[in-house]
DNA sequence: CGTGGAGTTGAATACGATCAACACCGGTGG
DNA sequence: CCACCGGTGTTGATCGTATTCAACTCCACG
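Chains as they are written, first to last, in our numbering: chain V, 23 to 216; chain H, 23 to 216.
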């Protein structure tokens, strides 16, 4: 909870007093490594803010293969917009790749925060625009880049995550097989002695 | 302009009177087919709402190949968030695939609309969440689906666009070559006599 | 007409996927 | 303490899908 408070006070215009008013909307929860946080087809009314640990959103295709949409390490948000905003069931799964502590954030929290603190509206909007920007970038990468380029982009975007996430997961994020990723890494090692 | 007004009144909570107050922030513009609307590296402070015609956002890779991020036919929005919200230069190009009439929408318009009409805030937010949802879907498609599946998804998502957009453009949206798309279509024709 | 872009088709190629085998490590239980 | 096991990562051989390059047709448009 402290992590979330620090995060908010550092990044958003929410003050200490305003935070206290909103606190009742927040709940802390922990998921042991391996827990399913959200299952495809289920519903949920909250966003997860990761205080520590690592969550991951992924889908399963008809062959049972996993495709990772997003990783959420400390200070990241993750949530299912289908449930929260569109009264539909979740289209992806979320699980915990590490023991993870989260703050559950209701739609109500976001609403009230905007009432209590008018500037929070702009902050929240900026967050959404940033999210869109980031996803555009990812789409462009999937359209334009080779496996090797995607991997280099990945380790640049998440330098500290590379060691925490298995290559199986990374590969499923990059849209390649673990075997291919292994070969990409081998080729890079030969090139630059990484 | 009328198209935009109709659209707003149908989809958002903005009333006729409120619209009149905001009108001064809006400008109509037309782009002949083939015009560059925004160039990578440039800046812009507006979103484009397409009243008629068709815009398209795309990037160029280092081999000069085009990769289409988004099509924007009638009643769609398109814009460069890097410029508008993050004071950076555009990372993609936008051009007109048809003679296109747009309404230019400033950040100010969106701000004032939220001031004048409090419910517009929710509408705008929903638009952003919907956008994110849509892009998640696209990312998942690029990760999980074959060329054929992607094409089928495409014609389902944009049934009326298929005939207006050249296969070269569609291929660049799907992340395959025009030749591959041609073969995919041939295979489908054989299968289902489309 | 004739020119150039769009679309199709064929042949050769390349990149990543698949399948299979194996080394390695960490955890578990005998 | 060691044997076993399952999961991870590596490597090799083969396969398949999409790419590349090239030739050709077909229009639309000058």
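The C-beta atom is built at its ideal place from N, Cα and C for all residues, glycine as well.
Since we're looking at a predicted model, the values are computed, not measured.
For residue 189(H), which residues in chain V fall below 8 Å Cβ to Cβ? One-based indexing of the second chain puts residue 189(H) at position 167. Residues of chain V passing the Cβ test: none, with the nearest at roughly 16 Å.
Ignore the nearest five residues each way along the sequence and tell me which others in residue 81(H)'s own chain have a CB closer than 8 Å to its CB. As a working mapping, residue 81(H) is identified with position 59 in the second chain. Excluding positions up to five away in sequence, the list reads 62, 88, 89, 91, 113, 114, 115.
Quick one: which residues of the segment 144-166 of chain H get their C-beta closer than 8 Å to a C-beta of chain V? List them in chain order. 146, 147, 148, 150, 151, 152, 153, 154, 155, 157, 158, 159, 160, 161, 162, 164, 165, 166
Once you ignore the five residues that flank residue 202(V) on each side, which residues in its own chain have a CB closer than 6 Å to its CB? Locating residue 202(V) in the first chain gives position 180, where the first residue counts as 1. Taken in chain order, the residues that qualify are 169.
Going by CA-CA distance only, name the one from 213(V), 135(V), 66(V), 96(V) that's closest to residue 72(V). Taking the first residue of the first chain as position 1, residue 72(V) is located at position 50. Nearest option by C-alpha distance: 96(V).
Roughly how many whole angstroms lie between the Cα atoms of residue 219(V) and residue 109(V)? Residue coverage of chain V in this structure runs from 23 to 216, which leaves residue 219(V) outside it and unanswerable.
Would you decide whether residue 216(V) is buried or exposed? Buried here means 16 or more other CB atoms lie within 10 Å of its CB. For the purposes of this step, residue 216(V) is taken as residue 194 along the first chain, with counting starting at 1. Summary for residue 216(V): the model assigns pLDDT 42, below 50, so the residue's position carries little reliability; its value from the coordinates is reported in the next sentence. Flag for residue 216(V) reads exposed.
Please check if any C-beta of chain H sits within less than 8 Å of the C-beta of residue 197(V). If you number the first chain from 1, residue 197(V) lands on position 175. Interface residue, yes.
Nearest to residue 102(H) (by Cα), restricted to the options 152(H), 59(H), 181(H), 164(H): Working through the second chain from its first residue, we reach residue 102(H) at position 80. Ranking the options by Cα distance to residue 102(H), first place goes to 59(H).
Within 10 angstroms of its Cβ, does residue 190(H) collect 16 or more other Cβ (buried), or is it exposed? Sequence index remark: in the second chain, residue 190(H) carries index 168 (1-based). With fewer than 16 other Cβ atoms within 10 Å, it is exposed.
Do you know whose CA, among 135(H), 194(H), 180(H), lies nearest residue 31(H)'s CA? Residue mapping note: residue 31(H) aligns to position 9 of the second chain, counting from 1. Checked all of 135(H), 194(H), 180(H); the closest Cα to residue 31(H) is 135(H).
Mind checking whether residue 228(H) and residue 126(H) have CB atoms under 8 Å apart? Since the first residue shown for chain H is 23 and the last is 216, residue 228(H) is missing from the structure and cannot be characterised.
By the 10 Å Cβ neighbour count, where 16 or more other Cβ atoms means buried, how is residue 185(H) classified, buried or exposed? Indexing the second chain from 1 puts residue 185(H) at position 163. That one is exposed.
Assuming residue 161(H) contacts residue 161(V) (C-beta within less than 8 Å), just tell me the rounded distance between them. Here residue 161(H) refers to the residue found at position 139 of the second chain. Here residue 161(V) refers to the residue found at position 139 of the first chain. With a Cβ gap of about 6 Å, residue 161(H) and residue 161(V) count as contacting.
Report the rounded CA-to-CA distance for residue 83(V) versus residue 46(H), giving the unit in angstroms. On the first chain, position 61 is the one that residue 83(V) refers to. On the second chain, position 24 is the one that residue 46(H) refers to. Rounded to the nearest angstrom, the two C-alpha atoms are 49 Å apart.
By DSSP, does residue 113(H) sit in helix, in strand, or in coil? Stepping through the second chain from its first residue, residue 113(H) is reached at position 91. Correct three-state label for residue 113(H): coil.
Contact defined as beta carbons within less than 8 Å: I believe residue 121(V) pairs with residue 52(V). What is the distance between those atoms, to the nearest angstrom? Counted from its first residue, the first chain places residue 121(V) at position 99. Counted from its first residue, the first chain places residue 52(V) at position 30. With 8 Å as the limit, residue 121(V) and residue 52(V) qualify as a contact, their Cβ atoms being about 7 Å apart.
Check whether the Cβ of residue 48(H) lies closer than 8 Å to any Cβ atom in chain V. Indexing the second chain from 1 puts residue 48(H) at position 26. Not closer than 8 Å to any Cβ of chain V, the Cβ of residue 48(H) fails to qualify, so no.
Ordered along the chain, which non-local residues of its own chain (more than five positions away) have a Cβ less than 7 Å from that of residue 128(H)? As a working mapping, residue 128(H) is identified with position 106 in the second chain. For residue 128(H), where only same-chain residues beyond five positions count, the Cβ hits under 7 Å are 47, 67, 68.
Nearest-angstrom beta carbon gap, residue 55(V) and residue 119(V) [assumed within contact, 8 Å]: Residue numbering aside, residue 119(V) sits at position 97 when the first chain is read from its first letter. Residue numbering aside, residue 55(V) sits at position 33 when the first chain is read from its first letter. Going by Cβ atoms, the distance from residue 119(V) to residue 55(V) rounds to 7 Å, so yes, they are a contact pair.
If we define contact as Cβ-Cβ less than 8 Å, is residue 104(V) a contact residue for chain H? Numbered from its first residue, the first chain carries residue 104(V) at position 82. So yes, residue 104(V) belongs to the interface.
Please state if the CB of residue 196(V) and the CB of residue 217(V) are separated by a distance shorter than 8 Å. In this structure chain V extends from 23 to 216, so residue 217(V) is not present and cannot be described.
Output, in sequence order along the chain, the residues in the segment 82-98 of chain H whose CB is closer than 7 Å to any CB in chain V. 83, 89, 91
Kindly list, in the order they appear in chain H, the residues whose Cβ is closer than 9 Å to that of residue 29(V). Reading the first chain from its first residue, position 7 is the one you call residue 29(V). None at all; the shortest Cβ gap to chain H is about 20 Å.
Of all Cβ atoms in chain V, is any one closer than 8 Å to the Cβ of residue 216(H)? As a working note, residue 216(H) is residue 194 in the second chain. Since pLDDT at residue 216(H) reaches only 42, below the 50 mark, its modelled position is unreliable, and the value read off the structure follows with that caveat. Not closer than 8 Å to any Cβ of chain V, the Cβ of residue 216(H) fails to qualify, so no.
Rank 78(H), 132(H), 206(H) by C-alpha distance to the C-alpha of residue 57(H) and give the top, closest one. Working through the second chain from its first residue, we reach residue 57(H) at position 35. Comparing Cα positions, the closest option is 78(H).
Quick one: what's got a C-beta closer than 6 Å to residue 182(H)'s C-beta in the same chain, skipping five residues either side? Within the second chain, the letter at position 160 stands for residue 182(H). Nothing meets the Cβ criterion.
Less than 8 Å between the beta carbons of residue 176(H) and residue 154(H), yes or no? Within the second chain, the letter at position 154 stands for residue 176(H). Within the second chain, the letter at position 132 stands for residue 154(H). Cβ atoms of residue 176(H) and residue 154(H): not closer than 8 Å.
Are any of the Cβ atoms in chain H nearer than 8 Å to that of residue 131(V)? Mapped onto the first chain, residue 131(V) falls at position 109. No, no contact with chain H.
Residues near residue 33(V) in its chain [Cβ-Cβ closer than 8 Å; skip 5 each side]: Here residue 33(V) refers to the residue found at position 11 when the first chain is read from its first residue. Excluding positions up to five away in sequence, the list reads 145.
Rounded C-alpha distance that separates residue 40(V) from residue 143(H): As a position in the first chain, residue 40(V) is number 18, starting the count at 1. As a position in the second chain, residue 143(H) is number 121, starting the count at 1. The straight-line gap from Cα to Cα measures roughly 21 Å.
Please state whether the Cβ-Cβ distance between residue 124(H) and residue 70(H) is less than 8 Å. Counting from 1 along the second chain, the entry for residue 124(H) is found at position 102. Counting from 1 along the second chain, the entry for residue 70(H) is found at position 48. Going by C-beta atoms, residue 124(H) is nearer than 8 Å to residue 70(H).
Runs of 3 residues minimum, wholly inside the segment 62-104 of chain V: which ones carry the beta strand (DSSP E) assignment? 68-74, 77-82, 88-94, 99-101
Scan the segment 117-175 of chain V and note each continuous alpha helix (DSSP H) run of 4 residues or more that stays entirely inside, going in chain order. 129-138, 140-166
My output table needs one value for residue 216(H): the three-state DSSP class, helix, strand or coil. Residue mapping note: residue 216(H) aligns to position 194 of the second chain, counting from 1. Confidence in residue 216(H) is poor, its pLDDT being 42 and thus under 50, which makes the residue's placement unreliable; the coordinate value appears in the next sentence. Of the three classes helix, strand and coil, the one that applies to residue 216(H) here is coil, per DSSP.
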